[in-house]
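In this note's numbering, the protein residues as written are 3 to 356.
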């Protein structure tokens, strides 16, 4: 059966520590601090709020996004450098993944990968000073290195052929906003200006991708964050400022903006953000993993509990049905494994399958 795949490649931007309201709200002059992304919402793609779980920390947030499951809290305590247990992820399922950003985040997914197809480019951990005067440099480093990478690829036949394959992922981890939030709080000029810098950087990277691939329309872009942040610059708990994160998607396989007259939500955000007429599609954070895998046509990560948010997909009903069915079977298989494990350690007359 021929399944129509819209995307050959996917670009994932994670703006660490970015609150949903900080991205979507308008300033006192009624203008967006992220005009490029605001324009995407209104003219090019689909958007919503991604609801994270506690603990709202970078590690479990990235695991939910990229592997599709909510990590055991004890894993967070075991440290950030690498996985206490290896796990499957979007990156592992991809043909190749290239990632740029923090040395605290990238190795987690490279170590768990089978084979040698997940590449990481990190700055020196010493640069990651959480009280640094200008944390936007952490993001500028990522944007500059991605541009250099593509410039270099034009003169490197081996690399050039790899980045022209299908089922590939580019991951840009942007730590500046989180760092500025800790140092100066989210209400600060530093935090807000960093959002503008990230918006400018995303605009440049998108333009570069479109130019490099000859505007072939085969790139999907996902912009989100791992967790938010409280007004006093902390995260880890379950306040809405920490658990509500942005999700903006556009490009190959993504539904165009849907204009609506009314939307039913228990909050007043749509009015506050002046987005009442653009359909808001909320997800749970782990749902983003199956969304990304279905867009580039790779298997769902093994332990993913995410439910594919089909409303984001611009594809045939057959493709959506096939994807939903595969998603359901994959989650059922996990249940069967758990059930078997339980059965083996339970007395027969005490065991019930449900």
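Heads up, the beta-carbon is just placed ideally off N, CA and C, and yes, glycines get one too. Source: prediction; values computed, not measured.
How long is the line joining the alpha carbons of residue i and residue j, rounded to whole angstroms?
{"i": "residue 318", "j": "residue 298", "result": "15 Å"}
{"i": "residue 213", "j": "residue 155", "result": "14 Å"}
{"i": "residue 194", "j": "residue 58", "result": "20 Å"}
{"i": "residue 245", "j": "residue 199", "result": "23 Å"}
{"i": "residue 240", "j": "residue 234", "result": "14 Å"}
{"i": "residue 184", "j": "residue 230", "result": "11 Å"}
{"i": "residue 294", "j": "residue 29", "result": "32 Å"}
{"i": "residue 163", "j": "residue 96", "result": "15 Å"}
{"i": "residue 238", "j": "residue 197", "result": "21 Å"}
{"i": "residue 152", "j": "residue 14", "result": "16 Å"}
{"i": "residue 323", "j": "residue 89", "result": "27 Å"}
{"i": "residue 1", "j": "residue 242", "result": "Absent from the model: residue 1. The displayed extent of the chain is 3 to 356, so no value can be given."}
{"i": "residue 2", "j": "residue 92", "result": "The chain is shown from 3 up to 356; residue 2 falls before or after that span and cannot be answered."}
{"i": "residue 266", "j": "residue 166", "result": "43 Å"}
{"i": "residue 159", "j": "residue 128", "result": "34 Å"}
{"i": "residue 41", "j": "residue 335", "result": "41 Å"}
{"i": "residue 27", "j": "residue 300", "result": "35 Å"}
What's the call for residue i, buried or exposed, on a 16-neighbour Cβ count within 10 Å?
{"i": "residue 20", "result": "buried"}
{"i": "residue 219", "result": "exposed"}
{"i": "residue 18", "result": "buried"}
{"i": "residue 157", "result": "exposed"}
{"i": "residue 32", "result": "exposed"}
{"i": "residue 2", "result": "Only positions 3 to 356 of the chain appear in this structure, which leaves residue 2 out of reach."}
{"i": "residue 16", "result": "buried"}
{"i": "residue 346", "result": "exposed"}
{"i": "residue 355", "result": "exposed"}
{"i": "residue 126", "result": "exposed"}
{"i": "residue 340", "result": "exposed"}
{"i": "residue 132", "result": "The predicted model places residue 132 with a pLDDT of 47, which falls under 50 and marks its position as unreliable; any figure quoted below should be read in that light. Residue 132 comes out exposed."}
{"i": "residue 350", "result": "exposed"}
So the candidates are the options; which of them puts its Cα closest to the Cα of residue i?
{"i": "residue 25", "options": "300, 227, 259, 258", "result": "227"}
{"i": "residue 161", "options": "99, 243, 346", "result": "99"}
{"i": "residue 171", "options": "106, 291, 39", "result": "291"}
{"i": "residue 274", "options": "23, 17, 11", "result": "23"}
{"i": "residue 34", "options": "310, 201, 117", "result": "201"}
{"i": "residue 180", "options": "137, 51, 153", "result": "137"}
{"i": "residue 110", "options": "60, 159, 140", "result": "60"}
{"i": "residue 36", "options": "346, 142, 74, 250", "result": "250"}
{"i": "residue 316", "options": "16, 309, 259", "result": "259"}
{"i": "residue 191", "options": "144, 135, 150", "result": "135"}
{"i": "residue 150", "options": "11, 126, 265, 207", "result": "207"}
{"i": "residue 325", "options": "187, 128, 289", "result": "289"}
{"i": "residue 105", "options": "27, 122, 62, 232", "result": "122"}
{"i": "residue 144", "options": "271, 165, 176", "result": "176"}
{"i": "residue 71", "options": "350, 302, 338, 349", "result": "302"}
{"i": "residue 174", "options": "168, 187, 142", "result": "142"}
Tell me whether the beta-carbon of residue i lies closer than 8 Å to the beta-carbon of residue j.
{"i": "residue 282", "j": "residue 49", "result": "yes"}
{"i": "residue 262", "j": "residue 38", "result": "no"}
{"i": "residue 120", "j": "residue 94", "result": "yes"}
{"i": "residue 66", "j": "residue 287", "result": "yes"}
{"i": "residue 108", "j": "residue 124", "result": "yes"}
{"i": "residue 44", "j": "residue 280", "result": "yes"}
{"i": "residue 69", "j": "residue 305", "result": "yes"}
{"i": "residue 277", "j": "residue 296", "result": "no"}
{"i": "residue 46", "j": "residue 254", "result": "no"}
{"i": "residue 333", "j": "residue 307", "result": "yes"}
{"i": "residue 12", "j": "residue 224", "result": "yes"}
{"i": "residue 54", "j": "residue 247", "result": "yes"}
The ligand FMN and residue i: does the residue's C-beta get closer than 7 Å to at least one heavy atom of that ligand?
{"i": "residue 17", "result": "Ligands in the displayed structure: none, and consequently the ligand FMN is not present."}
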